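Going by the working numbering, the residue at position 65 of the sequence shown is 293; the numbering climbs one at a time, nothing skipped.
Even for Gly, the Cβ is constructed at its ideal location relative to N, Cα and C.
For clarity, every value in this text was computed on a predicted model and none was experimentally measured.
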Amino acid sequence: MKEAPGKTLDDVKAFFLQSSGPPLFTSAGGVVGVGPGQTAYQQLALSPGKYVFLCFFPDPTKGNQPHALEGMVKEITIS
Numbered sequence: 229m230k231e232a233p234g235k236t237l238d239d240v241k242a243f244f245l246q247s248s249g250p251p252l253f254t255s256a257g258g259v260v261g262v263g264p265g266q267t268a269y270q271q272l273a274l275s276p277g278k279y280v281f282l283c284f285f286p287d288p289t290k291g292n293q294p295h296a297l298e299g300m301v302k303e304i305t306i307s
């Protein structure tokens with residue numbers, strides 16, 4: 229997802245924990261449904277800006293909370 233202008237990774241994380249107000253990002257695509265031992269590739273044409281990659285797959289060892297809440301989050305900048 230592409231961060232809204234002036235927003236940070238911490239803003240996006242807080243949005244997902246509170247789920248209130250308008251989204252602080254726009255969707256940029258993603259991959260779902262990858263199973264154990266499988267590989268998936270996603271080709272993206274990203275415009276300049278800050279992007280956040282989050283994993284929403286559930287962790288069955290931790291009450292099915294999304295991996296993103298365990299730190300599987302990465303912010304990148306496209307210039």
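| Query | Result |
| --- | --- |
| So K241 is in the alpha helix (DSSP H); what residue range does that whole segment cover? | L237 to Q246 |
| Given Q270, which residues of its chain have a CB within under 8 Å of its CB, disregarding the five upstream and five downstream residues? | G257, G258 and V259 |
| In or out: L282 buried (at least 16 other Cβ within 10 Å) or exposed? | buried |
| Around the Cβ of V262, are there at least 16 other Cβ atoms within 10 angstroms (buried) or fewer (exposed)? | exposed |
| Would E231 be called buried (16 or more neighbouring beta carbons within 10 Å of its own) or exposed? | buried |
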